[in-house]
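Everything below concerns the one structure shown next.
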Amino acid sequence: MEDQQIYQSVANSLRSAIGLLDLEQDSPLRKDVIALCDHLENPTFRIAVFGPFNYGKSTLLNALLGKRTLPIGLIPTTGAAIQIRYGEELHTRITLTDGTEISENSTEVLKRYAILDEQRCMRSDVASVEVYCPHPFLKTGVEFLDLPGTNDREAQDKLVRDQLLTADLVVQVLDGRQLMTLGERENLRDWLIDRGIKTVVFVVNFLNLLEPDQQKEVQTRLRFVAESFRSELPNTLSNLYRVDALPALRARLKGLSDQAHTTGLAMFESALQSMVAAQREKTTVRLDRVDAIATQVKAALQSKILVINSELETVQQKHQAKLELQQKAQKLIKQGFQAAVSDFESWLYLPKLLERYQSKLLTALQQ
380 MEDQQIYQSV
390 ANSLRSAIGL
400 LDLEQDSPLR
410 KDVIALCDHL
420 ENPTFRIAVF
430 GPFNYGKSTL
440 LNALLGKRTL
450 PIGLIPTTGA
460 AIQIRYGEEL
470 HTRITLTDGT
480 EISENSTEVL
490 KRYAILDEQR
500 CMRSDVASVE
510 VYCPHPFLKT
520 GVEFLDLPGT
530 NDREAQDKLV
540 RDQLLTADLV
550 VQVLDGRQLM
560 TLGERENLRD
570 WLIDRGIKTV
580 VFVVNFLNLL
590 EPDQQKEVQT
600 RLRFVAESFR
610 SELPNTLSNL
620 YRVDALPALR
630 ARLKGLSDQA
640 HTTGLAMFES
650 ALQSMVAAQR
660 EKTTVRLDRV
670 DAIATQVKAA
680 LQSKILVINS
690 ELETVQQKHQ
700 AKLELQQKAQ
710 KLIKQGFQAA
720 VSDFESWLYL
730 PKLLERYQSK
740 LLTALQQ
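Read in order, the letters of the sequence shown are residues 380 to 746 in this note's numbering.
What follows is the structure, encoded as structure tokens:
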């Protein structure tokens with residue numbers, strides 16, 4: 380409870396700061412701050428699963444849940460950020476951008492609202508997608524976030540980037556049949572490291588399709604990458620796991636626990652539960668990314684202060700120039716008035732006045 384009060388206080392401060400900046404609606408910094416504040420205000424432990432399309436993200440989550448909860452297929456399907464939370468019975472709630480809510484006691488509605496269209500684009504009228512599932516792991520206050528595939532459409536990449544900041548733990552699914560792409564490595568840097576996300580769990584899929592020597596080579600290569608993303612995990616826990624997602628799902632659906640174990644799913648599940656327990660004990664897990672985003676907010680505020688000071692100085696200079704011009708005009712007017720008075724006084728000086736009109740007066744008297 381005390382931690383949540385700290386998070387709420389931090390969120391309030393960040394919202395106030397971003398209000399002072401008056402950023403555009405689609406500004407990356409503004410979106411990051413809003414996402415982070417929403418994350419701080421949410422007491423649920425969120426695990427986000429992401430990776431390029433067709434890497435088996437939804438299949439992995441279905442295997443963890445023990446049922447075909449999420450749509451899966453041979454083409455990129457997930458077209459929304461699907462929140463999977465605990466519920467007494469399986470049901471889905473879709474909220475549209477106009478406020479309309481659609482609720483069904485199944486997940487069939489996901490096929491209408493949470494998958495990509497024929498052009499592999501997301502629906503623009505969907506605000507949120509929530510699936511409630513009676514799974515014991517979710518009942519402990521954990522929720523999963525199934526994200527659209529990356530490296531497919533810019534809009535999907537932006538959504539994934541925004542949502543990753545709302546996760547307490549990030550799971551990246553990799554394809555063991557190919558090396559990490561340049562895009563995947565850049566995403567690790569831009570979407571995670573630079574935003575204070577220090578812990579990532581890597582799950583390698585499709586290793587069952589490789590020869591044993593190839594499997595070993597892939598795991599050795601990926602271990603170097605994984606080591607850079609385990610700063611918040613106990614030394615007893617690895618952050619690199621092999622899970623053959625589709626065989627694991629098939630084994631779970633058939634109730635074959637031995638087969639599920641050989642796919643690596645049981646080991647990953649156990650580790651995931653231990654990670655959640657370890658992370659929950661650390662207040663700093665959420666505050667680390669606050670530090671990263673707050674640094675950006677501070678820099679933006681300092682830049683705005685410099686701009687305001689510059690504008691203020693310009694206004695003051697203009698005001699000073701105007702004041703000096705007014706003073707100069709007043710001085711000239713005063714000098715002109717004094718000269719006119721002096722001339723008039725000189726004109727009225729009696730000896731000069733008599734001298735000026737004496738001849739005229741004499742002529743007039745003679746006539």
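Beta carbons: idealized from backbone N, C-alpha and C, even for Gly.
Just so we're clear, the structure is a prediction, and the values are computed from it rather than from any experiment.
Check: Out of 484, 498, 506, which has the shortest C-alpha to C-alpha gap to residue 477?
Finding: Locating residue 477 in the sequence shown gives position 98, counting from the first residue. It is 506.
Note to self: Beta-carbon within less than 6 Å of residue 430's beta-carbon, same chain only, minus the 5 sequence neighbours each way: which residues are those?
What the structure shows: Stepping through the sequence shown from its first residue, residue 430 is reached at position 51. Same-chain partners within the cutoff: 436, 551, 552.
Item checked: residue 541 versus residue 632: straight-line alpha-carbon distance, rounded -> Along the sequence shown, one-based indexing puts residue 541 at 162. Along the sequence shown, one-based indexing puts residue 632 at 253. The straight-line gap from Cα to Cα measures roughly 33 Å.
Note to self: Can you give me the C-alpha to C-alpha distance between residue 556 and residue 619, rounded to a whole angstrom?
What the structure shows: Your numbering for residue 556 matches position 177 in the sequence shown. Your numbering for residue 619 matches position 240 in the sequence shown. Those two C-alpha atoms are separated by around 16 Å.
Check: Since residue 393 contacts residue 580 with CB under 8 Å, what's their CB separation in whole angstroms?
Finding: For this step, residue 393 is matched to residue 14 along the sequence shown. For this step, residue 580 is matched to residue 201 along the sequence shown. Contact flag wrong, Cβ pair sits at about 27 Å.
Item checked: Limits of the beta strand (DSSP E) - the one that residue 507 falls within -> By one-based count along the sequence shown, residue 507 stands at place 128. 505-512 is the extent of the beta strand (DSSP E) around residue 507.
Check: Cα-Cα, which of 699, 665, 687 is closest to residue 422?
Finding: The residue labelled residue 422 in the question sits at position 43 within the sequence shown. Comparing Cα-Cα distances from residue 422 to each of 699, 665, 687, the minimum goes to 665.
Check: Do you know how far the Cα of residue 432 is from the Cα of residue 471?
Finding: For the purposes of this step, residue 471 is identified with residue 92 of the sequence shown, where counting begins at 1. For the purposes of this step, residue 432 is identified with residue 53 of the sequence shown, where counting begins at 1. Using only the alpha carbons, I get a separation of about 23 Å.
Note to self: Using 8 Å as the cut-off, can you tell me whether the segment 478-497 makes contact with the segment 456-467, which would need three or more C-beta pairs spanning the two stretches below that distance?
What the structure shows: yes
Note to self: Would residue 390 and residue 680 be called neighbours here (beta carbons separated by less than 8 Å)?
What the structure shows: Numbered from its first residue, the sequence shown carries residue 390 at position 11. Numbered from its first residue, the sequence shown carries residue 680 at position 301. No, they are not a contact pair.
Next item on the list: Can you say whether residue 811 is buried or exposed, counting buried as having 16 or more other CB atoms within 10 angstroms of its CB?
Entry: The first residue shown for the chain is 380 and the last is 746, placing residue 811 beyond what the model contains.
Item checked: Extent of the continuous alpha helix (DSSP H) to which residue 536 belongs -> Along the sequence shown, read from residue 1 onward, the residue named residue 536 stands at position 157. That run of the alpha helix (DSSP H) goes 533-543.
Notebook entry, point to check: Is residue 610 near residue 578, with beta carbons less than 8 Å apart?
Noted result: Counting from one through the sequence shown, the residue named residue 610 turns up at place 231. Counting from one through the sequence shown, the residue named residue 578 turns up at place 199. In contact: residue 610 and residue 578 (Cβ atoms closer than 8 Å).
Check: Is it true that the CB of residue 543 sits closer than 8 Å to the CB of residue 576?
Finding: As a first step, residue 576 must be located in the sequence shown, where it is residue number 197. As a first step, residue 543 must be located in the sequence shown, where it is residue number 164. Yes, these two residues count as a Cβ contact at 8 Å.
Notebook entry, point to check: Among 534, 693, 700, 584, which residue has its Cα nearest to the Cα of residue 644?
Noted result: Here residue 644 corresponds to residue number 265 of the sequence shown, with the count starting at 1. Taking only the C-alpha atoms, the option nearest residue 644 is 584.
Checklist line | Inter-residue spacing [alpha-carbon to alpha-carbon] between residue 613 and residue 657 | finding: Taking the first residue of the sequence shown as position 1, residue 613 is located at position 234. Taking the first residue of the sequence shown as position 1, residue 657 is located at position 278. Taking the straight line from one Cα to the other gives about 8 Å.
Note to self: For residue 511, tell me which candidate among 479, 473, 532 has the shortest Cα-Cα distance.
What the structure shows: What you label residue 511 is simply residue 132 of the sequence shown in a count that begins at 1. Nearest C-alpha to residue 511: 473.
Notebook entry, point to check: Could you check where the alpha helix (DSSP H) with residue 567 kicks off and where it finishes?
Noted result: As a position in the sequence shown, residue 567 is number 188, starting the count at 1. No alpha helix (DSSP H) holds residue 567; DSSP gives it neither H nor E.
Notebook entry, point to check: Among residues of its own chain, excluding the 5 on either side of residue 518, which ones have a beta-carbon nearer than 6 Å to its beta-carbon?
Noted result: Working through the sequence shown from its first residue, we reach residue 518 at position 139. Correct list, in chain order: 465.
Item checked: Candidates 694, 426, 697, of which the one nearest residue 750 by Cα -> The chain is shown from 380 up to 746; residue 750 falls before or after that span and cannot be answered.
Notebook entry, point to check: Hey, which unbroken runs of the beta strand (DSSP E) at 3 residues or more fall wholly within the segment 424-458?
Noted result: 424-429
Notebook entry, point to check: Hey, how far is the Cα of residue 692 from the Cα of residue 683?
Noted result: Position 313 of the sequence shown, counted from the start, is the residue given in the question as residue 692. Position 304 of the sequence shown, counted from the start, is the residue given in the question as residue 683. Going from the Cα of residue 692 to the Cα of residue 683 covers about 14 Å.
Margin query: Please classify residue 514 as buried or exposed, where buried requires at least 16 other C-beta atoms within 10 Å of its C-beta.
Written below: Position 135 of the sequence shown, counted from the start, is the residue given in the question as residue 514. Classification for residue 514: buried.
Check: By Cβ distance, which residues of its chain are closer than 7 Å to residue 417, with the 5 residues on each side in sequence left out?
Finding: Your numbering for residue 417 matches position 38 in the sequence shown. 545, listed in sequence order.
Next item on the list: Label residue 564 either buried or exposed according to how many other C-beta atoms from any shown protein chain fall within 10 Å of its C-beta, with 16 as the threshold for buried.
Entry: Locating residue 564 in the sequence shown gives position 185, where the first residue counts as 1. By the 10 Å Cβ count, residue 564 comes out exposed.
Next item on the list: Please determine, among 702, 572, 629, the residue with the shortest C-alpha to C-alpha distance to residue 672.
Entry: If you number the sequence shown from 1, residue 672 lands on position 293. When only C-alpha atoms are compared, the closest one is 572.
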